[in-house]
Amino acid sequence: MQTQFPSQLLERAVDEFSRLPGIGRKTALRLMLHLLRQNEESVDAFANAVSRARHEIKRCKVCNNISDTDVCSICSDSKRDRSVICVVEDIQDVMAIENTQQYNGLYHVLGGVISPMDGVGPSDLSIDALMERVAEGVDEVILALASTMEGDTTSFYISRKLASVDVKLSVISKGISVGNELEYTDEITLGRSILNRTPMKA
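Here it is, written out as structure tokens:
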């Protein structure tokens, strides 16, 4: 039975909250009732932070990571090892690897993985931009994609694209279970997988 709302404004807000991943209508209602109990300044600050994030956060022109500036803090950090690029699916993977504190190179965010069933092909990802970066001079490319069929397909596709390029190609070690997403892997296991990466065999 659908909940009866005493306010159309509340119902509309619950509808919007329930669009978020993992948020059902009951949780959305609890969140909205919590916000209604807060003072107006706190709620305005919350709404403003979300609005500013949506309108002002940019994509790094170099690696496609999210950033407050045109070039993210990782790409602009002169202390990072610029000879290594770690290729990941999305920004959550960058944050997961950074939390291990075991990697000091650069990143390249693909923005997804090849998935014909979902209508995602190579042209939908930032693979061409990766090829341009490698052509500018990189010693090693680490493929840190999830051990799923889509992740393996994407890794294979990139490896074929890089076959004629003089660059070392590595994959993270299989300490990560097949089918697991990087963002849900514990930091110790993920860190060891980066450190113990192995050459990729075509």
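Residue numbers (the working numbering): 1395 to 1596. All C-beta atoms in this analysis are idealised placements derived from N, C-alpha and C, irrespective of residue type, glycine included.
| Item | Value |
| --- | --- |
| Between the CA atoms of Ile1460 and Arg1591 - distance to the nearest angstrom | 26 Å |
| C-beta contact flag for Val1456 and Val1482 at 7 Å | no |
| Option in Thr1463, Leu1537, Gly1499, Ala1490 with minimal Cα separation from Lys1473 | Gly1499 |
| Given Thr1547 as reference, the closest of Ala1441, Gly1418, Ser1509, Ile1479 once Cα atoms are compared | Ser1509 |
| Cβ shell of Gly1545 (< 6 Å), same chain only, five flanking positions each side left out | Val1507, Leu1539 |
| From Tyr1501, Asn1433, Gly1416, Ala1407, residue whose alpha carbon lies closest to that of Leu1423 | Ala1407 |
| Buried versus exposed, by CB contacts within 10 Å (16 or more), Ile1570 | Low local confidence applies: a pLDDT of 49 at Ile1570 is under 50, so the model's placement there is unreliable, and no value is given. |
| Helix, strand or coil at Ser1564 [DSSP, three-state] | strand |
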